[in-house]
Amino acid sequence: RNLSVSVNYSNNGYAWAVCGRKLLIWQFRTSGSAKTGQDINKIPKTPSRVAPSACRELTLPHCDIGHKARLITIFVNEGSQTASCLAVSTTGDVRFWPSIAHDGSSIDENGILEGQEFDQLMTLSTQGYLLITTTCHLVFLQLLVQGGRQRIVHRTIKPPSGFFGGFGKKFASIIIGMNSNAESENKLIKITKESSNANEHSINVLSDYSLQRWQFTNNAEQFLFEDQEISKKIRDFFRSKMWPNRGNLN
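First residue of the sequence shown: 820, per our numbering; consecutive thereafter.
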């Protein structure tokens, strides 16, 4: 009651629901009924179902503004018989369960990017995970074993900030009438991933004012470009399709 509910599922056969701090996880089909990396929209309409099993319940970290199912992922490591779970709160607290069968066996990492609201968690195959905030800040997240202990490691990813890059942003702010808090107002619209193989991913980040493209390869990232005129291009394209014989519409 009075709590938002969100759900999600993965093509490895697991689904989960979030209600408050409660996370419910169940398996709805065997992992062998769809190939690894298969597009979620191409899963057969009648997949092979598993026998009814208990629904696992885990406790998410405390969060004043609620949790989102798209900030959670369920996966099965190679050679393992049980699934693992990685969850990130909207305020940046991370909790990892090596096994969803044991709620009390989790490890935490708190406040990985304070002052930001996280919106989505994206899996980059064997490399790690990419987090994005509602204002288009990127954080690369990894689960590593160091000294025999599992750790959560993260680092913030930023575009290069040379002289011309900084000047370009200031100039764009003047043109479109953004104020001094422009960065916080650059709202995320969509993030997409294109994967050529398990170790190479192209990430596109579309915001209110720009389109960024990144390349992730073997735990390293490369900033490819940023288009700060994407809004104008979309508007011009829409105008050319809807009113091809009209003049410029501002």
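Quick reminder that beta carbons are idealized off the backbone N, C-alpha and C, glycines included.
| field | Spatial distance of threonine 954 from serine 925 (CA atoms) | value | Along the sequence shown, one-based indexing puts residue 954 at 135. Along the sequence shown, one-based indexing puts residue 925 at 106. Those two C-alpha atoms are separated by around 29 Å.
| task | Could you tell me whether the Cβ atoms of alanine 1039 and serine 944 are closer together than 9 Å? | result | Reading the sequence shown from its first residue, position 220 is the one you call residue 1039. Reading the sequence shown from its first residue, position 125 is the one you call residue 944. Pairing alanine 1039 with serine 944 gives a Cβ-Cβ distance that is not under 9 Å.
| said: Please give the ranges of any alpha helix (DSSP H) in the segment 1013–1037, keeping only runs that are unbroken, at least 4 residues long and fully inside the region. | reply: none
| query | Does DSSP put leucine 879 in a helix, a strand or coil? | reply | Reading the sequence shown from its first residue, position 60 is the one you call residue 879. Note: leucine 879 maps to coil in three-state DSSP.
| Limits of the alpha helix (DSSP H) - the one that isoleucine 1049 falls within | Here residue 1049 refers to the residue found at position 230 of the sequence shown. That run of the alpha helix (DSSP H) goes 1049–1061.
| What residue range is occupied by the uninterrupted beta strand (DSSP E) comprising glutamate 1045? | Within the sequence shown, the letter at position 226 stands for residue 1045. Here the beta strand (DSSP E) through glutamate 1045 covers 1039–1046.
| field | alanine 888 (DSSP reduced to helix, strand or coil) | value | Within the sequence shown, residue 888 is the residue found at index 69, counting from 1. Of the three classes helix, strand and coil, the one that applies to alanine 888 here is helix, per DSSP.
| message | Whole angstroms are fine: how far does the CA of proline 979 sit from the CA of tyrosine 833? | response | Indexing the sequence shown from 1 puts residue 833 at position 14. Indexing the sequence shown from 1 puts residue 979 at position 160. Rounded to whole angstroms, tyrosine 833 to proline 979 spans 38 Å at the Cα level.
| task | Indicate the three-state DSSP secondary structure (helix, strand or coil) for leucine 940 in the structure shown. | result | For the purposes of this step, residue 940 is taken as residue 121 along the sequence shown, with counting starting at 1. DSSP, read as helix, strand or coil, puts leucine 940 in strand.
| field | Strand pairing of serine 952, partner residues [DSSP] | value | Along the sequence shown, read from residue 1 onward, the residue named residue 952 stands at position 133. Before going on, a small fix: residue 952 reads as threonine here, not serine. In the DSSP output, where bridge partners are listed per residue, threonine 952 has Phe937.
| task | Determine the burial state of phenylalanine 937: buried for a count of at least 16 other Cβ atoms within 10 Å of its Cβ, exposed for fewer. | result | Position 118 of the sequence shown holds residue 937. Burial state of phenylalanine 937 is buried, judged by a 10 Å Cβ sphere holding 16 or more other Cβ atoms.
| message | Taking the beta carbon of serine 1029 as the centre, do at least 16 other beta carbons fall within 10 Å, making it buried, or is it exposed? | response | The residue you call residue 1029 lines up with position 210 of the sequence shown. The residue in question, serine 1029, is buried, as its Cβ has 16 or more Cβ neighbours within 10 Å.
| For glutamate 897, three-class secondary structure by DSSP | If you number the sequence shown from 1, residue 897 lands on position 78. In this structure, glutamate 897 counts as coil in the three-state DSSP scheme.
| said: Run through the DSSP bridge pairs and tell me what serine 903 is partnered with. | reply: To locate residue 903, count along the sequence shown from 1; it is residue 84. Paired residues: Phe894.
| query | Under a Cβ-count criterion, where at least 16 other Cβ atoms within 10 Å of its own Cβ denotes burial, should serine 1026 be classed as buried or exposed? | reply | Sequence index remark: in the sequence shown, residue 1026 carries index 207 (1-based). Counting Cβ neighbours within 10 Å, serine 1026 comes out buried, since at least 16 surround it.
| said: For isoleucine 976 and tryptophan 1033, I'd like the C-alpha separation in whole angstroms. | reply: Along the sequence shown, one-based indexing puts residue 976 at 157. Along the sequence shown, one-based indexing puts residue 1033 at 214. Going by C-alpha positions, isoleucine 976 is about 10 Å away from tryptophan 1033.
| Smallest Cα separation from asparagine 827: which of Arg840, Leu877, Cys874 and Thr892? | Numbered from 1 along the sequence shown, position 8 holds the residue referred to as residue 827. For the residues Arg840, Leu877, Cys874 and Thr892, the minimum Cα distance to asparagine 827 belongs to Thr892.
| query | Going by the C-beta, is threonine 849 closer than 8 Å to any heavy atom of the ligand HEM? | reply | As for the ligand HEM, it is missing from this structure, which has no ligand bound.
| C-alpha gap between phenylalanine 1056 and glutamine 935, whole angstroms | To locate residue 1056, count along the sequence shown from 1; it is residue 237. To locate residue 935, count along the sequence shown from 1; it is residue 116. Cα to Cα, phenylalanine 1056 sits roughly 33 Å from glutamine 935.
| Could you give the C-beta distance for leucine 962 and isoleucine 951, rounded to a whole number, given that I count them as a contact under 8 Å? | As a working mapping, residue 962 is identified with position 143 in the sequence shown. As a working mapping, residue 951 is identified with position 132 in the sequence shown. Incorrect: roughly 18 Å between the Cβ atoms, too far for contact.
| If we count the other Cβ atoms within 10 Å of its Cβ and call it buried at 16 or more, is serine 1059 buried or exposed? | Residue 1059 sits at position 240 when you count from the first residue of the sequence shown. Result: exposed.
| query | Which stretch, first to last residue, makes up the beta strand (DSSP E) that contains isoleucine 976? | reply | Within the sequence shown, numbered from 1, the residue matching residue 976 stands at position 157. Isoleucine 976 -> beta strand (DSSP E) spans 968–976.
| task | Measure the CB-CB distance between cysteine 904 and leucine 842 and report whether it falls below 9 Å. | result | For the purposes of this step, residue 904 is taken as the residue at position 85 of the sequence shown. For the purposes of this step, residue 842 is taken as the residue at position 23 of the sequence shown. It is a contact, given that the beta carbons lie within the stated cut-off.
| field | C-beta atoms of isoleucine 1008 and leucine 949 nearer than 9 Å | value | As a first step, residue 1008 must be located in the sequence shown, where it is residue number 189. As a first step, residue 949 must be located in the sequence shown, where it is residue number 130. No.
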